[in-house]
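Protein sequences, first through last, are from chains H and B. As numbered in my numbering, residues 113 to 359 make up the first sequence, in order. As numbered in my numbering, residues 113 to 359 make up the second sequence, in order. For each residue, glycine too, the CB sits at the ideal point set by N, CA and C. Here the structure is a predicted model, which means the values were calculated and not measured. Have a look at the structure below before the remarks.
2 protein chains.
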Amino acid sequence: MTDYPVRATRTSVRVIEALLEVREAGVTELAERLDLSKSAVHNHLVTLERVGFAVSDGGRYRLGLRFLDVGMNARNGRDLCRVAMAEVDALADQTDEMAALVVPEFDHAVYAVAASGGRGLPVRLGSRVPLHATAPGKAVLASASPSVIDEYIETHGLAALTRRTTTSAAALREELSTIGDRGLAFDRGEAFDGVRSVAAPIRSQEGTAGALAVVGPGERFSGKRLEEDLPGLVLTHANDIELALSE
Amino acid sequence: MTDYPVRATRTSVRVIEALLEVREAGVTELAERLDLSKSAVHNHLVTLERVGFAVSDGGRYRLGLRFLDVGMNARNGRDLCRVAMAEVDALADQTDEMAALVVPEFDHAVYAVAASGGRGLPVRLGSRVPLHATAPGKAVLASASPSVIDEYIETHGLAALTRRTTTSAAALREELSTIGDRGLAFDRGEAFDGVRSVAAPIRSQEGTAGALAVVGPGERFSGKRLEEDLPGLVLTHANDIELALSE
DNA sequence: ACGATCCGTTCGCTAATACTGGACACGTTT
DNA sequence: AAACGTGTCCAGTATTAGCGAACGGATCGT
Numbered sequence: 113m114t115d116y117p118v119r120a121t122r123t124s125v126r127v128i129e130a131l132l133e134v135r136e137a138g139v140t141e142l143a144e145r146l147d148l149s150k151s152a153v154h155n156h157l158v159t160l161e162r163v164g165f166a167v168s169d170g171g172r173y174r175l176g177l178r179f180l181d182v183g184m185n186a187r188n189g190r191d192l193c194r195v196a197m198a199e200v201d202a203l204a205d206q207t208d209e210m211a212a213l214v215v216p217e218f219d220h221a222v223y224a225v226a227a228s229g230g231r232g233l234p235v236r237l238g239s240r241v242p243l244h245a246t247a248p249g250k251a252v253l254a255s256a257s258p259s260v261i262d263e264y265i266e267t268h269g270l271a272a273l274t275r276r277t278t279t280s281a282a283a284l285r286e287e288l289s290t291i292g293d294r295g296l297a298f299d300r301g302e303a304f305d306g307v308r309s310v311a312a313p314i315r316s317q318e319g320t321a322g323a324l325a326v327v328g329p330g331e332r333f334s335g336k337r338l339e340e341d342l343p344g345l346v347l348t349h350a351n352d353i354e355l356a357l358s359e
Numbered sequence: 113m114t115d116y117p118v119r120a121t122r123t124s125v126r127v128i129e130a131l132l133e134v135r136e137a138g139v140t141e142l143a144e145r146l147d148l149s150k151s152a153v154h155n156h157l158v159t160l161e162r163v164g165f166a167v168s169d170g171g172r173y174r175l176g177l178r179f180l181d182v183g184m185n186a187r188n189g190r191d192l193c194r195v196a197m198a199e200v201d202a203l204a205d206q207t208d209e210m211a212a213l214v215v216p217e218f219d220h221a222v223y224a225v226a227a228s229g230g231r232g233l234p235v236r237l238g239s240r241v242p243l244h245a246t247a248p249g250k251a252v253l254a255s256a257s258p259s260v261i262d263e264y265i266e267t268h269g270l271a272a273l274t275r276r277t278t279t280s281a282a283a284l285r286e287e288l289s290t291i292g293d294r295g296l297a298f299d300r301g302e303a304f305d306g307v308r309s310v311a312a313p314i315r316s317q318e319g320t321a322g323a324l325a326v327v328g329p330g331e332r333f334s335g336k337r338l339e340e341d342l343p344g345l346v347l348t349h350a351n352d353i354e355l356a357l358s359e
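Here it is in structure tokens:
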């Protein structure tokens with residue numbers, strides 16, 4: 113239990129995390145799972161319900177949709193996300209694939225905006241993936257300074273998500289360097305088997321703010337389409353976002 | 113400050129709500145706004161950051177995208193929402209308008225699933241609207257017992273959001289009755305000027321669980337399309353959802 | 001139909017802590 | 001260079017978070 117200055121808040125969050133896992137639970141079940149007294153859990157649940165973060169339904173509790181509200185507001189509160197929405201939509205439309213804006217947070221790549229182009233794979237908004245195993249993640253990482261990259265590798269390691277994940281620090285550094293030069297990153301099944309993606313970094317005055325990506329199945333992401341067509345579209349829209357951001 | 117059993121959690125939520133309003137703020141600004149000491153706010157912010165609910169950027173704080181993650185998980189954790197996603201997509205596709213699943217929570221209508229059919233109006237996921245002024249809201253309300261309806265009217269009143277909002281209790285009760293009979297609700301600019309919608313309740317074994325709706329501009333929502341075509345599609349998909357839910 | 005058993009909730013109690021006010025360190029500004 | 005502004009840290013105390021036991025209501029098995 114590393115230093116949480118406000119312990120009660122940490123406890124409430126633990127309750128939230130438990131509800132995240134089990135979807136729905138009673139007081140007793142949560143108390144056992146969290147190793148807390150029933151009354152403590154009850155107090156937290158009542159508080160969470162009062163603020164809309166939990167809902168009770170005849171003794172059983174689940175998470176409230178207020179999280180959706182806050183999450184969407186948090187996202188829309190960021191200039192980059194608001195600006196990127198139209199471009200993500202356009203990219204999804206033109207490619208007929210899933211397009212997304214990814215933003216780095218706590219050393220992870222977070223899907224902040226997504227649009228499924230009809231037949232595209234679904235990507236859960238808000239989901240996190242490691243920076244080293246996905247095209248947008250690498251695009252973001254590539255424009256960081258070498259020392260930051262080293263630190264990232266050191267603290268997080270390079271976990272193998274699939275057989276194709278880059279797990280060698282040297283190989284990753286090399287790849288990041290070429291990504292930085294071209295302004296384009298690829299992922300060929302490195303995070304999920306059979307899922308490929310193309311991404312371009314979005315740069316603002318204070319460094320790289322995120323990445324624009326197209327994600328799709330290996331069957332459709334190959335050959336000239338993967339090497340030229342998709343990269344061209346991604347680059348165009350990434351540029352548009354950068355332009356819209358600067359003014 | 114009505115009874116919040118865990119006061120510290122309430123305080124953290126107040127910090128979150130403040131950040132929701134101002135998007136980005138420093139410790140001092142938040143302390144003034146919340147009438148708390150700087151150190152207290154600082155402690156809450158550090159705790160919130162540790163759990164991913166806030167991010168600091170050189171002294172300034174904003175909400176973390178973890179809210180998006182939790183919110184999406186909370187939503188997908190509900191059978192109704194998961195089942196409805198495909199139908200909402202299909203409805204948006206067929207109508208080329210914004211389609212949405214609305215779920216009641218804390219006496220409000222919450223947009224839980226949404227799909228913009230290309231040219232549809234955007235609806236913010238997680239946003240709340242009063243039950244009495246929107247088609248899906250009325251659809252949900254209509255299948256409640258008369259006593260529940262009376263209680264709702266008594267506690268919330270019938271605020272006029274536009275000139276067309278139904279503000280008379282008698283008129284609302286009458287309308288709800290016909291909505292209950294037909295299984296269809298309409299909204300002609302009652303919540304937002306120029307915005308109309310058609311909705312059908314989704315009924316499960318334990319009452320009405322939500323409503324399926326199509327939302328669009330008055331120019332396209334009129335005549336036979338509003339009266340027959342859209343209602344037909346909404347009813348069909350609402351039925352499909354009920355079916356998928358029951359097994 | 002009726003105990004037995006489970007659950008959510010309530011109620012004191014006490015050790016732990018959330019908040020205050022003040023001091024510190026750092027960056028920018030005047 | 002000094003005067004402000006900021007975010008962060010520190011000690012003290014009134015507050016309270018969490019515990020354990022008891023209550024009342026529902027559900028189960030018999």
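| Query | Result |
| --- | --- |
| Going along chain B in order, which residues have a C-beta closer than 7 Å to the C-beta of HIS349/H? | Residues of chain B passing the Cβ test: none, with the nearest at roughly 18 Å. |
| Which class does ASP262/B belong to by DSSP, given the choice of helix, strand or coil? | helix |
| Can you tell me the Cα-Cα spacing of THR274/B and LEU237/H, whole angstroms? | 33 Å |
| Tell me the rounded alpha-carbon separation between VAL214/H and LEU284/B. | 45 Å |
| If you check the beta carbons only, do ALA251/B and PRO329/B fall under 7 Å apart? | no |
| 7 Å is my cut-off, CB to CB: does GLU217/H come that close to chain B? | yes |
| Would you report the Cα separation of ILE291/H and LEU243/H, rounded to the nearest angstrom? | 14 Å |
| How many angstroms separate the CA atom of TYR116/H from the CA atom of ARG119/B? | 16 Å |
| By the criterion of Cβ-Cβ separation under 7 Å, what are the contact partners of TYR116/B in chain H? | THR159 and ARG162 |
| In three-state DSSP terms, what is GLU302/H? | coil |
| From what residue to what residue does the beta strand (DSSP E) around THR348/B run? | Here THR348/B belongs to no beta strand (DSSP E); instead the alpha helix (DSSP H) covers 342-358. |
| Could you check whether CYS193/B and VAL222/B sit closer than 7 Å to each other, using their CB atoms as the reference points? | no |
| To the nearest angstrom, report how far apart VAL139/B and VAL153/B are at their CA atoms. | 6 Å |
| With 7 Å set as the bound, which would you pick, yes or no: does the beta-carbon of THR121/H sit closer than that to a beta-carbon of chain B? | yes |
| So which residues on chain B does VAL167/H lean against when the C-beta distance must stay under 7 Å? | GLU217 |
| Taking all protein chains shown into account, decide if THR123/H is buried (16 or more other Cβ within 10 angstroms of its Cβ) or exposed. | buried |
| Mind listing the chain B neighbours of ILE265/H? Cutoff is C-beta to C-beta under 7 Å, in chain order. | Chain B residues near ILE265/H: none, gap ~22 Å exceeds 7 Å. |
| Just how far apart, CA to CA, sit ARG231/B and LEU355/B? | 29 Å |
| Cα separation between THR267/B and GLU318/B? | 24 Å |
| If we define contact as Cβ-Cβ less than 7 Å, is PRO241/B a contact residue for chain H? | Sequence inspection shows Val at residue 241/B; the Pro mentioned does not correspond to that position. VAL241/B does not count as touching chain H. |
| At what residue ranges does the region 199-238 of chain H contain a whole run of the beta strand (DSSP E), taking only runs of 3 or more? | 210-217 and 220-227 |
| Which runs of the alpha helix (DSSP H), 4 residues or longer, sit entirely within the region 150-194 of chain H? | 150-162 and 178-188 |
| By Cβ distance below 6 Å, which residues in the same chain neighbour LEU342/H in space, the five residues on each side in sequence not counted? | VAL310 and VAL326 |
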